[in-house]
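Everything in the sequence shown is counted per my numbering, starting at 703 for the first residue and increasing by one.
The C-beta atom is built at its ideal place from N, Cα and C for all residues, glycine as well.
Read the structure below first, then the notes.
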Amino acid sequence: MNTIIRKSMLSVAGLAFAGGVFAGPIAAHANPVDAKPVAVAVQSAAPKPQGDQSRISLNDEQTANVKAIIAATKKAGLPERAAVISIATSLQESKLENLGHLGDMNDHDSLGLFQQRPSSGWGTPEQITDPEYSTTAFLKGLKQVDGWQDMPLTDAAQTVQVSAYPDAYAQWEQQATDLVAQHWNS
703 MNTIIRKSML SVAGLAFAGG VFAGPIAAHA NPVDAKPVAV AVQSAAPKPQ
753 GDQSRISLND EQTANVKAII AATKKAGLPE RAAVISIATS LQESKLENLG
803 HLGDMNDHDS LGLFQQRPSS GWGTPEQITD PEYSTTAFLK GLKQVDGWQD
853 MPLTDAAQTV QVSAYPDAYA QWEQQATDLV AQHWNS
């Protein structure tokens, strides 16, 4: 390393040390009555979105389904992260559309916002196509996943959904996060 740079770095380190030595005793004798509480903002520990993100424009029906998912999440007493996972899952499964039977295009007997299957025990077709019921059913499965709050969204969603495309949920995390931020308190 260049001698001038090294001496400069040592000088800066020495000043920082000296400042700490002199400030330490002064701070130790400060009048505690003059101390004022400081508000500290705590960021959510939610993982950052993984990979490339997708986004779609929502119509009124899709927005109503977002609000229904959020309402069901609140009713279940779960945090915003659960709503983010639920909305991202629904974005992947149905683009937030409450889908009925799609005929030959249908994946088995999958229905509703989460493409849940009556034959797999998710409920009756009428129940599965009710946004509150289908969200509550999804959340019930999510609560059974140990550590779902801290795991990547796509892993939490996949554990509940058991999709043939397990990594596909990740692409919707940012839009789901934005939607929850927009509608959670409305």
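- The DSSP-derived three-state label of Leu798 is coil.
- Leu815 carries a coil assignment under DSSP once its states are collapsed to helix, strand and coil.
- Separation of the CB atoms of Ser792 and Asn761 is rounded to 14 Å, and the pair is thereby denied contact status at 8 Å.
- Scanning its chain for C-beta atoms nearer than 7 Å, with the 5 sequence neighbours on each side dropped, one finds around Ala784 the residues Thr775, Leu841, Leu844, in chain order.
- Sequence-distant Cβ neighbours of Glu875 in its own chain, meaning closer than 6 Å and more than five residues away, are Pro751, Ala790, Leu855.
- Contact between Glu795 and Glu763 is ruled out by a C-beta separation of about 15 Å, above the 8 Å threshold.
- Linking Leu815 to Ala773 through their CA atoms gives a straight-line distance of about 15 Å.
- Separation of the CB atoms of Ile771 and Thr837 is rounded to 5 Å, and the pair is thereby assigned contact status at 8 Å.
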